[in-house]
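Novice: Residue numbers for the sequence shown follow this note's numbering, so the first one is 4 and each next one is one higher.
Below you will find the structure I want to go over with you.
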Amino acid sequence: MSQFAINLIFVMGSFAIYTWIAIWARAKSTREFYIAGGEVHPVMNGMATAADWLSAASFISVAGLISVGYVNSAFIMGWTGGYVLLATLLAPYLRRFGTYTVPDFVGKRYDSKAARVVAVVCLIIISLTYVIGQMTGAGVAFARFLEVKVSTGLIISSFVVFAYAVLGGMKGVTYTQVAQYIVLILAFLIPAVYLSLMVTGHFLPQTGFIGAHAESGIPMLQKLNEVVRDLGFQDYTADVSNRWNMTLFTLTLMVGTAGLPHVIIRFFTVPNIKDARRSAAWALVFIALFYTTAPVVAAMGRMNLLDNIYPNGVHEPSLSYEERPQWFKNWEETGLLKFEDKNKDGRIQFYNDGTLPTPNKDFVAPAEWEGNELVVNNDILVLALPEIANMPGWIIGLIAAGGIAAALSTASGLMLAISSAVSHDLLKNTLMPHISEKTEMLYARISMVGAISIATWLGLNPPGFAAQTVALAFGIAASSIFPCLMMGIFIRRINSKGAVCGMLAGAGATLVYIFLYLGWFFIPGTNTFPNSPEYYLFGIISPLSFGCIGAVINFTVAIVVSNATEKPSEEIQEMVRRVRYP
């Protein structure tokens, strides 16, 4: 059987399962559409939350990011730490409050339509910018494994999401995400176990990470350090040069991910506050299973790639381009792997000539090398892993299904968050308060179709600033949603004026700071300052790290304005007290 046929069986088989679940779990009321009836079992909700959390960025990109070394470990620390913040400080209390959406909580807690609308706007900005990466990730997986155009893959993905999200709402999305978590975690763990056995002889990837390299007998990380050092990169375990910025970036990811609305609404789907805590605990287990494996895939995957380019060691002649393996040819066709023979010797010199991240300043390249000749997009590290390591064809098919599952699970959650905010918060609770439940349900499904259409268009026509929008998504979530929810739960004195001013000040300051360095509205050439450390505030705060500063601004402005204006009503203060103390 051909590899294409195997990939098709895995991908289309998983799609058939998702569609069947959607039909089985079709939402019949607004409560089922928004929060799955509030009856999801904690273990099931834990899996669904993990699938929502483990986006295409996690499945496809995180191993590639940390394959560079410890310098990018902030992604894992920030994303995991953010979940801990969400699980301990927000989830149980939001569930006790009993609302359907994040803007719904904001509107009721602050008794303000203005606060609700600001929250809706922030939610839509966060979700739309974040969904670009999910649709693009699905397109890349389709293009490589099913040998179709990226645009065709995106359209197929959109129809699949349409089938289970529009029909099933939160109920259909929840049980589909359970299936997607199973697919993506198997797709990530099985190749990791295979690779660990191959590189270190350890069955558990986590023990292989600190074990000995099978061929040389020295510790695996020490061996990797030696290999990358001899190719002009700094050691894999090297420390960061700007610890302050790394700390701020980690904090921004933590408070930003804790404020992601599509994950927060998952805790509205369980029966009670006790189950919300249990659901959070289970989700942490499922997320940890992935994130404790990611560094192993990153380190061993990088070593495996370099072993393929330098089959006889880095001090011997590298791979001949004419003899390049099939996986190399496959990924060249996607444009994510590019070769240029600069010295015309017919061999592939892959090293850091000073133009790549994390250079080794003491490295001196051989005289006959005239520059790095291979450009490897880090996003292919996971998707190409089974091919590079010459794993069985069924593992390649499983990776294809896993990558697509990771993208679609998060995309569906984001689009559900958008449609719920539009139909429930903007229409039902603001503009059209007298519509019936049946009409609201219709608007919810229409909003979902609109969200899917916009997400598909963004995937087909990704803006040139797609990378910068990641900073925007986390920055806005950190500086607007998270502080507003925290103060709404823990500070009774915060009123609607303080909440609105805080969100506008925090999000506004974050937007301005990002635009100063990345261009106004991300238009190339409009940035006020170069995006380099010497121009950063205090020489340490990058645009990616400003979200936590925006959160501090939000807290400060909200507290000052609230204390300078009238107190919330006794009814609101009593409601906050009841939420905090069962």
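Ideal placement from N, C-alpha and C gives every residue a C-beta, glycine not left out.
Just checking my contact of Y96 with V582 at CB under 8 Å: how many whole Å lie between their CB atoms?
Specialist: 5 Å
Novice: Roughly how many angstroms lie between the CA atoms of A302 and F62, to the nearest whole one?
Specialist: 15 Å
Novice: From P546 to Y516, what distance separates their C-alpha atoms?
Specialist: 6 Å
Novice: In chain order, what residues of the same chain lie with their CB nearer than 6 Å to the CB of G596, ignoring the 5 residues before and after it?
Specialist: The requested residue 596 is not part of the displayed model; the chain covers only 4 to 585.
Novice: DSSP three-state call for V452: helix, strand or coil?
Specialist: The three-state secondary structure of V452, taken from DSSP, is helix.
Novice: Would you list, in sequence order, the uninterrupted alpha helix (DSSP H) runs of no fewer than 4 residues that lie entirely inside the region 361-448?
Specialist: 383-386, 388-391 and 396-423
Novice: From the DSSP output, in three-state form, read off K226 for me.
Specialist: Correct three-state label for K226: helix.
Novice: Using only CA atoms, which one of I135, V123, I20 and Q6 lies nearest to L461?
Specialist: For L461, the nearest C-alpha among the options comes from I135.
Novice: Compare the C-alpha of T568 against each of G522, S548 and C504 and name the closest.
Specialist: C504
Novice: DSSP has A458 in a bridge; who is on the other side?
Specialist: For A458, which the question treats as bridged, DSSP gives no partner whatsoever.
Novice: Which whole-angstrom value describes the C-beta separation of A141 and L126, a residue pair presumed to lie in contact below a C-beta threshold of 8 Å?
Specialist: Contact flag wrong, Cβ pair sits at about 22 Å.
Novice: I'd like to check one pair, F252 with P362: are the Cβ atoms closer than 8 Å?
Specialist: no
Novice: Using a 10 Å radius around the Cβ and a threshold of 16 neighbouring Cβ atoms, would you call G501 buried or exposed?
Specialist: buried
Novice: Can you tell me where the alpha helix (DSSP H) with L11 in it begins and where it stops?
Specialist: DSSP places L11 in the uninterrupted alpha helix (DSSP H) bounded by Q6 to W27.
Novice: For L514, report the span of its alpha helix (DSSP H) as first-last.
Specialist: S499 to L521
Novice: What residue ranges within the region 138-194 form continuous alpha helix (DSSP H) runs of no fewer than 4 residues, ordered along the chain?
Specialist: 153-164
Novice: If you count every other CB in all the chains shown that lies within 10 Å of the CB of A94, and 16 or more means buried, which is it?
Specialist: Classification of A94: buried, given that the 10 Å Cβ count is 16 or more.
Novice: Using only CA atoms, which one of F148, T91, V151 and G262 lies nearest to P486?
Specialist: Looking only at F148, T91, V151 and G262, the smallest Cα-Cα distance to P486 is reached by G262.
Novice: Between S412 and D233, what straight-line distance do the alpha-carbon atoms span, to the nearest angstrom?
Specialist: Distance between the alpha carbons of S412 and D233: 41 Å.
Novice: What are the boundary residues of the beta strand (DSSP E) that F353 is part of?
Specialist: Where F353 is concerned, there is no enclosing beta strand (DSSP E), given that its DSSP letter is neither H nor E.
Novice: With distances taken Cα to Cα, identify the nearest neighbour of Q6 among N557, R147, F271 and E443.
Specialist: R147
Novice: Taking 8 Å as the cut-off, decide whether the C-beta atoms of G175 and A404 are in contact.
Specialist: no
Novice: Using CA atoms only, rank isn't needed, just tell me which of D382, E440, N275 and P360 is closest to V243.
Specialist: P360
Novice: Which runs of the alpha helix (DSSP H) spanning at least 4 residues fall entirely within the region 61-96, listed in chain order?
Specialist: 66-69 and 77-88
Novice: Which residue or residues does DSSP assign as beta-bridge partners of I544?
Specialist: Answer is L540.
Novice: To the nearest angstrom, how far is it from the Cα of V273 to the Cα of V181?
Specialist: 14 Å
Novice: Does the region 441-448 come close enough to the region 113-132 to have 3 or more Cβ pairs within less than 8 Å?
Specialist: no
Novice: Are three or more beta carbon pairs between the region 73-83 and the region 286-306 nearer than 8 Å?
Specialist: yes
Novice: Enumerate in chain order the residues of its own chain whose CB-to-CB distance from Y584 is below 7 Å, with the five nearest sequence positions on each side excluded.
Specialist: none
Novice: Would you be able to state if there are at least three C-beta pairs under 8 Å between the region 110-120 and the region 347-359?
Specialist: Output reads no: the region 110-120 does not touch the region 347-359.
Novice: Please report how far the alpha carbon of I398 lies from the alpha carbon of L149, in whole angstroms.
Specialist: 15 Å
Novice: Whole-angstrom Cβ separation of M451 and S483, contact assumed at under 8 Å?
Specialist: Going by Cβ atoms, the distance from M451 to S483 rounds to 24 Å, so no, they are not a contact pair.
Novice: Between V46, W372 and H265, which lies nearest to S282 when the distance is taken from Cα to Cα?
Specialist: V46
Novice: Short of 6 Å in beta carbon distance, which residues of its chain neighbour G522, apart from the five on each side in sequence? Order them along the chain.
Specialist: T529 and N530
Novice: In angstroms, rounded to a whole number, what distance separates the CA positions of W56 and V266?
Specialist: 7 Å
Novice: Tell me the DSSP bridge mates of F36?
Specialist: In DSSP, F36 forms no bridge with anything.
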